[in-house]
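The structure appears right after this line, and notes come after that.
Residue numbers (our numbering): 951 to 1211.
As structure tokens, this is what we get:
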């Protein structure tokens, strides 16, 4: 299968999806995510036991997150069920084989949720991580927030979102976001060693336990009234002047002036 924005390699029983969208800093555009989804589908076979997601070696940016130019300008939910980010996080979570995010460089916005949807995160000790929706006036949705707090915990997620400030790999490890941090020169070897260890285990057992963990992780209650209330609050945000200002400021490369309406 030919891809435009990723490269797919297979080493023993490990599939490797390498991002190849450097001209857009691996921003999570529809065409880029379509390639990742296709690569996952192609790797979903009996010969593959584990998958690694990675950026180009030596990159400064693992992924810039959402492609802001593809977000709706107004009067439409920017993070609806069929949004490309929602599609790829669901696919990663439901993929029957463990997925390791091998992180080199900075991780921004929606890309942070993407790696948090994977099963294991191994990062360079020089990597940084940030959640930036409030820089843009974007109302993050319930599923996305749940994906974060399920693994990172309420207080660290609140700080990351409210400040939009990056955290270091060292802090990410300390608060339980990352599994391991290693020197950049050791990142590939360390990640491949873990992937090969996983590949030696019983694949049917691994697949069912991954699904059990996913189901348990999503076991939460939210009544329909509360869901509609939250959706209404989000609608106010993406219909606001602040949302328009956030989009415009990003495109014009200036600081946004949010007025609260």
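Think of the CB as a built atom: it goes at the ideal place given N, C-alpha and C, for glycine as much as any other residue. None of the values given here were measured: they were computed from a predicted structure.
What three-state label does DSSP hand residue i in the structure shown?
| i | result |
| --- | --- |
| residue 1103 | coil |
| residue 958 | strand |
| residue 1147 | helix |
| residue 983 | helix |
| residue 975 | coil |
| residue 1137 | helix |
| residue 1003 | strand |
| residue 998 | coil |
How big is the Cα-Cα spacing for residue i and residue j?
| i | j | result |
| --- | --- | --- |
| residue 1141 | residue 1043 | 19 Å |
| residue 1192 | residue 1182 | 16 Å |
| residue 956 | residue 969 | 5 Å |
| residue 990 | residue 1078 | 26 Å |
| residue 1094 | residue 1040 | 10 Å |
| residue 1208 | residue 1202 | 15 Å |
| residue 995 | residue 1204 | 47 Å |
| residue 1015 | residue 1035 | 9 Å |
| residue 975 | residue 1007 | 13 Å |
Suppose the cutoff is 6 Å on Cβ atoms and the five residues either side in sequence are ignored; what does the same chain contact list for residue i look like?
| i | result |
| --- | --- |
| residue 1046 | 1157 |
| residue 1099 | 1107 |
| residue 1148 | 1000, 1048 |
| residue 1123 | 1131 |
| residue 1083 | 1090 |
| residue 993 | 965, 1001 |
Between which residues of its own chain and residue i is the CB-CB distance below 7 Å, once the five residues before and five after are set aside?
| i | result |
| --- | --- |
| residue 1134 | 1054, 1074, 1076 |
| residue 1068 | 1003, 1042, 1049, 1050, 1051 |
By the 10 Å Cβ neighbour count, where 16 or more other Cβ atoms means buried, how is residue i classified, buried or exposed?
| i | result |
| --- | --- |
| residue 1152 | exposed |
| residue 1136 | exposed |
| residue 1159 | exposed |
Between residue i and the rest of its own chain, which residues show a CB-CB distance below 8 Å, the 5 nearest in sequence each way excluded?
| i | result |
| --- | --- |
| residue 1080 | 1056, 1057, 1058, 1059, 1062, 1110, 1114, 1115, 1116, 1117 |
| residue 988 | 951, 953 |
Inset, instruction - Starting from the N-terminal side, write out each stretch of the alpha helix (DSSP H) that is 4 residues or longer and does not extend beyond the region 1040 to 1117. - result: Whole alpha helix (DSSP H) segments, 4+ residues: 1060 to 1067, 1083 to 1086, 1092 to 1102, 1104 to 1113.
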